[in-house]
Amino acid sequence: MKEKRSLTNKCIGIYIELPEGHSPYGSYPFGMHDVHAIPWDLHITRDRLSIQSIECEKRKSRDVEACHPCTILSLHPILTGILDRMNVGVHENTPHQYQPIAGLRQIISRKTQVIDQHRLIKLSDNCKILGRANALEDHKKFVMAIGSGRVQHVHALVRVALRNKRGIRGILELIDKAAKGLYKPKDYQEEEILRGIMFLKFGGNRVAQFAHRAIGLPSVTNLRRNLLIQPLRPSVSLPSILDIEKNIDTCYPYEDSGSNRDRQGLVMMIDEVKCESRIRWDPVTNKILGLCREHSHTVPSDFNSLEDAELVCDEIEKGEVHFAVEATVIAIGAISSETRTYASCPIALSGTCKREDAMTHSVLLQNAIRAIRNRSHLINGRLYCIASDGES
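Under my numbering, the first residue of the sequence shown is numbered 106, with each subsequent residue one higher.
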């Protein structure tokens, strides 16, 4: 009985009531005991936290909870601050010794997330830098490829590549193919086409072809396809008034019928030009050309089937139809000191075998005269005379 009475009066400190949901292992700042001289010791029994003064008297009265040194610990400012931080929470920037284990875990978790985020950002930046470094290297290769001069007309190649949504590597691939002769860009601007037309008109086919090979201008076929001036329509048979009027409309498309300029005198000129004796096909009119107008009415002039061409060849072998040995050209020119209007303008073109009689030739002249009179408002002139090499 005596031993039991002594245990009942033993002081075990004061019990600290924690907020609901808090554990003493995660809520108490154990690190403060390493920094400050804390005047109590800790006891944790079955999730119950109690503190005992280091000056504890070891015994207490039966009517009190603890001895006097342990009781006054409840008013200690350090303990009061610990309890306040348990209820309110500890700020993230509070020194670590004041942080409980749970707070340190949260800080470590947030720090880990930030570190992982920075690692991902750094990894992403490294990937971007690597990609941009590769792109910069490709652009350096592009500059070197242009500077090497291996590819002509490189601006057209780049223009086509950009239109096809190609990147720098796609452009380099095209440049490499162009340097090997496996690719040729076909995109030309209006300035290049006009420059090529100038070479074609002033220098002829050979100069235009040389410019195409040397400096990358459009080919002769491309230039002819882009000519602003429409070609004349040759007549298979005797040129009619309608055929000549169409050619006049082609040669004078921009003249204003209400022009106030003085009407000029016109000279109609007729002459023959030697031509190559062979059959040609006109894709614009679908006509078979190269025959004489004197006898071409005996064979079909439109190319509708292979039988039409065979029939023409048979008639040529029989001598019923002949190749055109010369081409009769009718042109008009103004009696003027201006170079632009003084130059002759062809309005009719027809093949002949030189077996035409005077009556047929007079019909040709009459058709030309009537067509010129019908289109005098476009030409802005009136026919004064006819010039020929003596046949008229």
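Glycine is no exception: its CB is placed at the ideal position from the N, C-alpha and C atoms.
Here the structure is a predicted model, which is why all the values come from computation and not from measurement.
- At the C-beta level, Ile-353 and Ser-493 stay beyond 8 Å of one another.
- If you keep only unbroken beta strand (DSSP E) runs of at least 3 residues inside the segment 142-228, you get 145-150, 153-158.
- Per DSSP, Ile-491 is one residue of the beta strand (DSSP E) stretching across 486-492.
- For a cut-off of 8 Å, the C-beta gap from Ala-473 to Ile-435 is around 5 Å, short enough to register as a contact.
- For Pro-129, the enclosing alpha helix (DSSP H) stretches over residues 129-132.
- DSSP, read as helix, strand or coil, puts Leu-332 in coil.
- In the structure shown, Lys-115 falls within a strand segment according to DSSP collapsed to helix, strand and coil.
- Where Glu-297 is concerned, the enclosing alpha helix (DSSP H) starts and stops at 295-320.
- Separation of the CB atoms of Gly-370 and Arg-385 is rounded to 36 Å, and the pair is thereby denied contact status at 8 Å.
- A direct Cα-Cα distance of roughly 24 Å separates Arg-318 from Leu-267.
- Runs of the beta strand (DSSP E) lying entirely within the segment 365-448 and spanning at least 3 residues, in chain order: 369-379, 385-387, 392-394, 431-439.
- In the DSSP annotation of this structure, the continuous segment of the beta strand (DSSP E) that includes Ser-455 starts and ends at 450-457.
- With contacts defined by Cβ atoms closer than 8 Å, Ile-349 and Ile-452 form a contacting pair.
- The segment 149-160 makes contact with the segment 116-135; the number of CB pairs closer than 8 Å reaches 3 or more.
- In terms of Cα proximity to Cys-161, the closest of Cys-175, Lys-459, Glu-170, Arg-167 is Cys-175.
- If you check the CB distance, Pro-134 and Ile-187 come in under 8 Å.
- Residue state for Ser-340 is assigned as strand, using DSSP reduced to three classes.
- A contact is defined here as three or more CB-CB pairs under 8 Å, and the segment 239-251 meets this definition with respect to the segment 266-280.
- For Gly-236, the number of other beta carbons within 10 angstroms of its own is below 16, and it is reported as exposed.
- Restricting attention to alpha helix (DSSP H) runs no shorter than 4 residues, the segment 249-294 encloses them at 259-268, 273-284, ordered along the chain.
- With 16 or more other Cβ atoms from the protein chains shown falling within 10 Å of its own Cβ, Pro-129 counts as buried.
- With three or more CB-CB distances shorter than 8 Å, the segment 286-300 counts as touching the segment 249-261.
- Distance from Leu-337 to Thr-326 at the Cβ level is roughly 19 Å; contact not present, criterion being Cβ atoms closer than 8 Å.
- Check the Cα spacing between His-244 and each of Val-263, Lys-227, His-141: the tightest is with Val-263.
- For Ala-284, the CB contacts under 6 Å within the same chain, skipping 5 residues up- and downstream, are Arg-255, Val-256 in chain order.
- Counting every other CB atom within 10 Å of its CB across the protein chains shown gives Thr-457 a total of 16 or more, marking it as buried.
- Here Lys-459 is not near Glu-420, since their CB atoms are 8 Å or more apart.
- Within its own chain, the residues whose Cβ lies closer than 6 Å to the Cβ of Ser-324, once the five positions on either side in sequence are excluded, are His-317, listed in chain order.
- Per DSSP, Ser-467 is one residue of the alpha helix (DSSP H) stretching across 463-479.
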